[in-house]
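Asker:
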Amino acid sequence: MTTLLLLLLAASPLSGQTAAPDADLRTAEDLREPDSALLRTALSDASAERRARAARAMGRIGSAGYLDGLLRALRDDSARVRSDAAFSVGLVAAESTSPASGAVTEALEEAFEDPAAAVRLAALDALGRAGGADEQDWAARLLREKDPAVREAAALALFRMRLLERVPAYSTAAVQGLLACLREESPSRWACAYAFSRWPSKEAAGSLAEAITASDPRARLFSLRSLSKLGAAAPAEAGEECLEDGDERVRVEALALLRAAGGAERISARTLADPSPRVRAAAAEALGNREGDPAALRRLLLDGSSSVRAEAAAGLSARLGDKAARELKRAASDNSWWVRLRAAESALKLPREGPRLLAAALKDEDVRVRAAALRTFAEGWPKESRAALSTALRDASAPLEVRGAAVEAAAKLKEPSLLPDLEECYRLSFSREFVELRESLVEAGSALAATAPKSAELQRWRERLLEDPAPSVRAAAAKALGRPAPAPEAPSPSPLLAEPVPAPGTRVSLLTSKGELILELAPEEAPTHSANLVSLVRRGFYDGKVWHRVVPNFVVQGGDPRGTGWGDAGYFLRDETTPLRFARGTLGMPRAGKDTGGCQLFITLIDAPHLDGRYTAFGRVVIGLDVLDRLEPGDYIVKATLK
């Protein structure tokens, strides 16, 4: 079988495409061999390119058995090999459940002195993933480096190490270094602001407030985001100051700060008429926290943008409760499924009218709305929703999304009497498309066990899950029961290895309902993902597919054949984690776990360093960033073509 695949890889009948380089290494990587003699030998090959590819494959496999070879490769003659080895050390360390050993952190810190900038940056990235360093003297030193790329990498490494969550257990020298860097007008300023974006820090508030005037919009955006973590103590005036910012993404973040600080009264009529739908939607969300006349929200409920109408409905519900029932009923009949979905979720704020609104939403023509209604119903009215949950779990014709919502709700309710319904749902869910659902059933079983630990019937059902045909379900069941993990099945070579690898620079056009996006792929970094996308485009797979998920100032996601986030292409891709950064406009592959990519796509709206090295990045938007900013849930891909 392997020989056949290699022959297929050598043939490239399609013009503009090339055979995969080092096909044997690519096959070993695809097979996820935890201790490949081929890879170990290749790490000493005369060709630096081959050594580098072997190092990259070892990191993607993630086996700790490769660490010794990768650490030796940190002293390779080739900077490319040393860089890939450092990157892979970080990936392997991230797979471990325990902190990296002293040998690993020492080797990475040694690499900070490497003459090649790419190696120093890769080592910083890896140390952030490895964690376990007891001192951050290196960070305080590197944050004073002249090279802004080094300062940026040091700040992001501290973020990945969760330093700010662990202070004061650790030295504050690194934190002081971050603050000093944050006060400087430099290209690394945004990364220092980002380092504070997950954990509130009153100590940083003054420096962050200074950075909202930075020349780089990323620094302004992440400073606002970090300030909003202070909640009611956040300086509302900083948000107000940025409402006139020239970058709409900054204006969105300014409104998020006002929402957190309770400063929605500072929102002007000009902001409510902002040309950007995302800004108007953020304003509606902020107004949901405001006291007084809700007239502005009622006007936004008539907005031409579905995103704005959706957030206006949610805001009115939060402000008025049952008094917003009339407006919520109107939103529940909107022609946009996204508005109807948000109306269903917002019914949670209506103590009296909510159940009636949700009962109607359970009959909506769109499966996404029905699933949201079921989750909301169970969350707000657990007893009243029991009949609807039971029906969804036992209905053989219920779509995956609705059944999945019912399982998730049952897990949260932890009601043992739902066990017969969950058992029936399991019996009805044995086709391939329900594998993820069955994994959720394992979680539901664990939740029920927390309230009924002595139930023999429940225990027998949970043990039956150990025999599930899907390896991922069996592994989840074993972990939930505290049993030894089943031996992983050796994966078969992926048929996608036979797909010709696109030439570097290959471009894909996604003509959307809001305009054209042109993506440039990175086949040299992620050959299988690039080949898969080209193959799907040639088949017309993406034509008509919706953007089902849009998270302002994060990502847009689409390409799902179901249009809900639950679908796939009928196969999985092995992860091809790359050193490519998730900057604004980066093309990435969603996944539900390791090696579960497929046909869905996401594109980042802003820099998202927390995705770096965790998801496969395999391209970027080169034309159409303005189109990307206009996409809303329900927009779709009219036609996908190769350029």
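When we follow this note's numbering, the leftmost residue of the sequence shown carries the number 1189, and every step to the right adds one. Quick reminder that beta carbons are idealized off the backbone N, C-alpha and C, glycines included. Model, not experiment: these values are computed from the prediction.
With DSSP as the reference, label L1709 as helix, strand or coil.
Answerer: Strand, per DSSP.
Asker: For the beta strand (DSSP E) that F1790 lies in, which residues bound it at each end?
Answerer: Note, F1790: beta strand (DSSP E), 1789 to 1792.
Asker: Using 8 Å as the Cβ pair cut-off and three pairs as the minimum, do the region 1686 to 1699 and the region 1657 to 1666 touch?
Answerer: Result no; under three Cβ-Cβ pairs closer than 8 Å.
Asker: Helix, strand or coil for W1387? Go by DSSP, reduced to three states.
Answerer: Of the three classes helix, strand and coil, the one that applies to W1387 here is coil, per DSSP.
Asker: Would you check whether the ligand MG has a heavy atom nearer than 8 Å to the C-beta of P1679?
Answerer: You won't find the ligand MG in this model; it holds no ligand whatsoever.
Asker: Return helix, strand or coil for A1691, following the three-state DSSP convention.
Answerer: Of the three classes helix, strand and coil, the one that applies to A1691 here is coil, per DSSP.
Asker: My assumption, with CB atoms under 8 Å, is that R1439 sits in contact with E1398. Please give the rounded CB distance.
Answerer: About 19 Å separates the two Cβ atoms, so there is no contact after all.
Asker: Determine whether the beta carbon atoms of A1281 and A1288 lie at a separation below 9 Å.
Answerer: Taking 9 Å as the Cβ cut-off, A1281 and A1288 qualify as a contacting pair.
Asker: Could you tell me if A1483 is buried or exposed, where buried requires 16 or more neighbouring beta carbons within 10 angstroms of its beta carbon?
Answerer: The residue in question, A1483, is exposed, as its Cβ has fewer than 16 Cβ neighbours within 10 Å.
Asker: Does Y1730 come out as helix, strand or coil in the three-state DSSP assignment?
Answerer: Coil.
Asker: Would you grab the beta carbon distance between W1378 and R1406 for me? Rounded to a whole angstrom, and I think it's under 8 Å.
Answerer: At roughly 4 Å, the Cβ-Cβ gap stays under 8 Å, so W1378 and R1406 are in contact.
Asker: With a threshold of 6 Å on Cβ separation, who are the neighbours of D1510 within its own chain once the five nearest residues in sequence on each side are excluded?
Answerer: Contacts found: L1538, R1540, E1541.
Asker: Suppose you measure from the CA of S1416 to the CA of A1245; what does that come to, to the nearest Å?
Answerer: About 40 Å.
Asker: Roughly how many angstroms lie between the CA atoms of L1516 and S1505, to the nearest whole one?
Answerer: Going by the C-alpha atoms only, they are around 7 Å apart.
Asker: Can you tell me whether K1511 is helix, strand or coil according to DSSP?
Answerer: Reduced to three states, the DSSP call for K1511 is helix.
Asker: Counting only runs of 4+ residues fully inside the region 1605 to 1656, write out the alpha helix (DSSP H) ranges in chain order.
Answerer: You should have 1607 to 1615, 1623 to 1639, 1644 to 1652.
Asker: Opposite W1569 in the DSSP bridges: which residues?
Answerer: In the DSSP output, where bridge partners are listed per residue, W1569 has none listed.
Asker: Looking only at its own chain, which residues have a Cβ that is under 7 Å from the Cβ of R1626, when we skip the five neighbours before and after it?
Answerer: Within the same chain, R1626 has close Cβ partners Y1614, S1617, D1656, A1658, V1661.
Asker: Work out the CA separation of A1644 and P1821 for me, nearest whole Å.
Answerer: Approximately 45 Å, taken between the alpha carbons.
Asker: Going by DSSP in three states, E1553 sits in which element: helix, strand or coil?
Answerer: DSSP places E1553 in coil when its eight states are reduced to three.
Asker: In angstroms with no decimal places, state the Cα-to-Cα distance between E1533 and E1373.
Answerer: Each residue's Cα considered, the two are about 43 Å apart.
Asker: Give me the DSSP bridge partner(s) of T1829.
Answerer: DSSP lists S1697 as partners of T1829.
Asker: What did DSSP end up calling W1735 once you bin it into helix, strand or coil?
Answerer: Three-state DSSP puts W1735 in a strand.
Asker: Measure the alpha-carbon distance for L1312 versus L1258 and round it to whole angstroms.
Answerer: So the two alpha carbons sit approximately 16 Å from each other.
Asker: Do the CB positions of A1805 and G1785 come within less than 9 Å of each other?
Answerer: Cβ atoms of A1805 and G1785: not closer than 9 Å.
Asker: Starting from the C-beta of S1251, find all residues in its chain whose C-beta is less than 6 Å away, skip the five residues before and the five after it, and write them out in chain order.
Answerer: Correct list, in chain order: P1222.
Asker: Would you give the residue range spanned by the beta strand (DSSP E) that L1768 belongs to?
Answerer: Looking at the DSSP string, L1768 is not in any beta strand (DSSP E), and its letter there is neither H nor E.
Asker: Output the distance between the C-alpha atoms of R1220 and R1727, rounded to the nearest integer angstrom.
Answerer: When rounded, the distance between both Cα atoms is 29 Å.
Asker: If you measure from the beta carbon of G1801 to each beta carbon in chain C, is any gap under 9 Å?
Answerer: Of the protein chains in this structure there is only one, and it is not chain C.
Asker: Taking the straight line between their C-alpha atoms, what separation do you get for A1261 and R1447?
Answerer: Going from the Cα of A1261 to the Cα of R1447 covers about 50 Å.
Asker: Please report the straight-line C-alpha distance between T1191 and S1464, rounded to a whole angstrom.
Answerer: Low confidence applies here, because T1191 scores a pLDDT of 35, under 50, leaving its location unreliable; read the following figure in that light. Approximately 55 Å between the Cα atoms of the pair.
Asker: For G1732, which residues in the same chain have their Cβ closer than 8 Å to its Cβ, ignoring the five residues on either side in sequence?
Answerer: These residues qualify, in order along the chain: Y1824, I1825, V1826.
Asker: Rounding to the nearest angstrom, what Cα-Cα distance links A1469 and Y1803 in this structure?
Answerer: Going from the Cα of A1469 to the Cα of Y1803 covers about 29 Å.
Asker: Let me check understanding here. Comparing Cα to Cα, which of G1753, R1750, F1742, K1782 lies closest to F1760?
Answerer: Comparing Cα-Cα distances from F1760 to each of G1753, R1750, F1742, K1782, the minimum goes to K1782.
Asker: Should T1766 be labelled buried (16 or more other beta-carbon atoms within 10 Å of its own) or exposed?
Answerer: So T1766 counts as buried.
Asker: Where are the beta strand (DSSP E) runs, 3 residues long or more, that stay fully inside the region 1396 to 1479, in chain order?
Answerer: If we require 3 residues or more, the region 1396 to 1479 turns out to have no beta strand (DSSP E) run fully inside it.
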